[in-house]
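Here the structure comes first, spelled out in structure tokens, and everything after it is commentary.
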Amino acid sequence: MAVDVTLDILRRMKNNHLADQLTEAWKERIKISPSVAPSEKMASRSSLPEEDLSCPVCGEIFERPLILSCSHSFCKECLEKTWKKTTSRDCPLCRSTSSIELPNLALKNLCESFLQKTEKRAHTSLDEVSFQTGLKPLEEKLKDFKKIQQICAQTTKHIKSQARNTERQIEEEFEKLYQFLRQEEKARIAAVGEEEQQKIQMMKKIEEMTRGTLSLSDTIRDIEELRTEDISLVQVRTSLFQTHNRTLPNPKFLSGALINVAKHLGNLQFRIWEKMQGIIKHTPVILDPNTAAPWLSLSDDLTSVSQKWQQQPMNLERFENYQIVLGSEGFSSGKHSWEVEVGDHPLWDMGVAEESIERKKNLTVSPECGIWAIWLRNSKYIAGVGGILPLQRRPQRIKVQLDYDSGEVSFYDSKYMTHIYTYKDIKFKERMYPYCMVGPSSNATNPDIKICQSEVSLTILSQ
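Each residue of the sequence shown is one higher than the last, beginning at 131 in the working numbering.
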């Protein structure tokens, strides 16, 4: 219907050329698709050659086209500029005088459709290239974000599990202290009660003795009455004195009758703390579970490690390719030592490592990679750059000694205090951490590698 109206307008305006082209285009469209949506019809009309939609004056696509009585069309602005230069209203093409100029709506629609299609095609071609160019890095970032999102979810879950386990272990450790304190409190209160009973019993004995002396006043009175009697009575008086002196104790109050409060309360907290050393354990190195590779399992007190797979988040501190764990505290000065129980474990590394040691890629046990250690492989003890150590006996416990300021790392057999190996002249440049690598335990008696406890000594400084 809309096409018929447009054709009628074009023919009445004597623009037969455009009308014929529109008719042919429409027929061709009908052949291709009998039922075409309005937007597709408009796109078909805009398939006319660009020269047929160009203004004869400016050469550009018609903009607000006007049609003259001679059937020629021009841009409104172009026609007005041309007529301003002349006194007549002649057609710029055929020079015939035009009495009317009407908006050519059909041509306007065709031009707009053509421009939209051309612009869309240009944008499509340009945007496709830029889209593909810009899409790839965005897709890579999206993958990274998804990976990070997954890691964050796993890490959050692990954090919650860590928090619950840590809380449980703190409660258990404090319960041990509470139990010790409760036992100490009970024992010390019982000691006070026991001394109280002893003092009371002593007071009762003194009281019983004082009851025996009540008759002494009567005896004295009787003796006073015999003071004037004859000599025989005097002899009786003498006998009475001797009897009472033998049976009656001296009437004095014993020392130490009161509760020894100072003994029970003096430095009470200190003495309990001093006694606590029997249950309080100190380990010079605590392993850091956040650095332990997923193949390693740490004990609850973080002092021993064995090879056992555990699902762990791959945080930046954790080793991924090797069964390594570091100590939780690093050293940047001074002398430090600790002992490690290796037992008959067949595969391990022991020593110190730089804080910047590679944790995600391949590395070798060497000073070049920031590791100063000795290790056991195939029943051979190795150090340095692969030198085999000629040990006479298999060490069960190894002492690691770091002298940061002197630049030395030494190893000893703790049981016999024999020297194993020493790295010298090291130029430490960063914080050093206790280092341990644990392999499969095979048929070892104890699969754990354990940091040994150290003795706790207490020194009182007098002022």
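Glycine residues also receive a C-beta, built at the ideal position from the N, C-alpha and C atoms.
In this text the structure is predicted, and so the values were computed from the model without any measurement.
Per-residue DSSP class, three states only, for residue i
| i | result |
| --- | --- |
| Trp403 | helix |
| Ile487 | coil |
| Trp425 | coil |
| Thr248 | helix |
| Cys221 | coil |
| Leu232 | strand |
| Thr263 | helix |
| His202 | coil |
| Ala167 | Residue placement at Ala167 is flagged as unreliable, the pLDDT there being 43, under the threshold of 50; a coordinate-derived value is accordingly withheld. |
| Lys161 | Confidence at Lys161 is low in this model, with a pLDDT of 47, below 50, so the placement of that residue should be treated as unreliable; the coordinate-derived value is given next. Of the three classes helix, strand and coil, the one that applies to Lys161 here is helix, per DSSP. |
| Thr296 | helix |
| Phe192 | coil |
Rounded separation between residue i and residue j - CA only
| i | j | result |
| --- | --- | --- |
| Gln399 | Gly473 | 40 Å |
| Pro443 | Ile281 | 7 Å |
| Asp533 | Tyr511 | 22 Å |
| Thr548 | Ala293 | 43 Å |
| Arg448 | Glu297 | 22 Å |
| Glu338 | Gln328 | 16 Å |
| Arg312 | Arg318 | 10 Å |
| Pro497 | Gln531 | 16 Å |
| Glu303 | Trp403 | 16 Å |
| Asp431 | Ser291 | 16 Å |
| Phe244 | Ile278 | 48 Å |
| Glu231 | Pro267 | 56 Å |
| Gly457 | Arg401 | 33 Å |
| Ile579 | Ile389 | 53 Å |
| Phe558 | Gly264 | 46 Å |
Sequence-distant residues of the same chain with beta carbon closer than 7 Å to residue i, five excluded per side
| i | result |
| --- | --- |
| Leu477 | Leu506, Arg507, Gly569 and Pro570 |
| Gln331 | none |
| Thr227 | Ser218, Arg219 and Asp220 |
| Glu560 | Glu484, Glu485 and Ser486 |
| Cys224 | Cys200 and His202 |
| Asp274 | none |
Close-in-space but distant-in-sequence residues of the same chain around residue i (CB under 6 Å, 5 per side omitted)
| i | result |
| --- | --- |
| Pro419 | Leu428 |
| Thr295 | A quick correction: the sequence has Asn, not Thr, at residue 295. Cβ within range, chain order: n/a, list empty. |
| Val455 | Leu417, Thr421, Ala422, Leu426, Val435 and Cys566 |
| Cys582 | Glu469 and Glu471 |
Candidates the options: closest to residue i by CA position
| i | options | result |
| --- | --- | --- |
| Arg203 | Gly264, Ser184 and Thr285 | The question names Arg, but residue 203 is Ser in the sequence shown. Checking every option, the nearest Cα to that of Ser203 belongs to Ser184. |
| Asp535 | Lys554, Lys491, Lys276 and Ile319 | Lys554 |
| Glu325 | Pro267, Gly386, Tyr511 and Lys273 | Gly386 |
| Ser584 | Gln407, Ile487 and Arg448 | Gln407 |
| Gly517 | His412, Val495 and Leu388 | Val495 |
| Glu459 | Pro414, Asp431, Leu232 and Gly500 | Pro414 |
| Leu446 | Arg489, Met480, Pro520 and Met562 | Arg489 |
| Glu314 | Glu270, Lys271, Leu432 and Ile409 | Ile409 |
| His466 | Ile300, Tyr563, Cys499 and Asn451 | Tyr563 |
| Gly481 | Glu207, Ile504 and Phe244 | Ile504 |
| Lys287 | Ser463, Tyr551, Gln441 and Gly537 | Gln441 |
| Lys491 | Leu272, Glu450, Trp502 and Thr216 | Glu450 |
Contacting residues, own chain, Cβ-Cβ under 8 Å from residue i (five flanking each side not counted)
| i | result |
| --- | --- |
| Gln453 | Ala423, Trp425, Leu426, Gln437, Met567, Val568 and Gly569 |
| Ala321 | His394 |
| Lys405 | Glu314 |
State whether the region 570-585 contacts the region 513-526, with contact taken as three or more CB pairs (one from each stretch) at a distance under 8 Å. No contact exists between the region 570-585 and the region 513-526.
Check whether the region 192-201 touches the region 235-251, counting contact only when three or more Cβ pairs, one atom from each stretch, lie closer than 8 Å. Yes, they touch.
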